[in-house]
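*Asks:* Please read through the structure below; I'll follow up with questions.
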């Protein structure tokens with residue numbers, strides 16, 4: 020069931036622009052990260068503090084209908100704000116091109132995290148550089164279709 024509520028656009032202009040282009044085109048434009056050609060998906064979640072809907076583009080890391088959400092924040096020492104949104108409210112909507120699904124996010128660890136981290140690095144090799152820049156272990160969530 021799709022998330023409902025008031026949408027609170029990101030304070031970052033590039034995120035607002037990408038989400039707008041992606042959604043307004045029905046998932047046919049804005050589907051890659053800047054000029055890299057690497058695919059992204061749009062994840063809609065509920066803000067942990069505001070309760071309003073938040074939307075972010077994330078690298079497309081898909082395996083058998085499940086997706087990874089890598090909380091890299093480009094290797095900064097703190098988690099991205101959306102990490103706390105997923106920890107507080109794991110129900111999300113995911114748009115991959117024209118397709119949309121309601122999903123449940125769960126943070127993974129151990130062997131499962133290692134497996135998804137490998138998939139994430141295959142999709143976006145820069146994650147290795149991001150991990151090298153920070154002392155924190157970059158969190159990985161798996162987004163799975165709602166039952």
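Residue numbers (the working numbering): 20 to 166. Just so you know, even glycine gets a beta-carbon here, dropped at the ideal spot from N, CA and C. If you're wondering where the values come from, they're calculated on a predicted model, not measured in any experiment.
(1) Spell out the partners DSSP gives residue 160 in its beta bridges.
(2) Alpha carbon to alpha carbon, how far is residue 45 from residue 149? Give it in angstroms, no decimals.
(3) Strictly under 7 angstroms for the Cβ-Cβ distance: is residue 83 near chain D by that measure?
(4) Pull up the CB-CB distance for residue 138 and residue 101, whole angstroms please, since I reckon it's below 8 angstroms.
(5) Alpha carbon to alpha carbon, how far is residue 81 from residue 25?
(6) For residue 58, which beta-bridge partners are listed by DSSP?
(7) In whole angstroms, what is the alpha-carbon distance linking residue 35 and residue 28?
(8) With a 10 Å radius around its C-beta and 16 neighbouring C-beta atoms as the bar for buried, classify residue 53 as buried or exposed.
(9) Decide if residue 92 is buried, meaning its Cβ has at least 16 other Cβ atoms within 10 Å, or exposed.
(10) From residue 129 to residue 41, what does the alpha carbon distance come to, in whole angstroms?
(11) How is the beta strand (DSSP E) around residue 74 delimited, first residue to last?
*Replies:* Here's the rundown:
(1) 88, 126
(2) 31 angstroms
(3) Reference to chain D is not applicable here, since this structure consists of a single protein chain.
(4) Actually they do not touch by this definition, with Cβ atoms about 20 angstroms apart.
(5) 28 angstroms
(6) 51
(7) 6 angstroms
(8) exposed
(9) buried
(10) 34 angstroms
(11) 72-78
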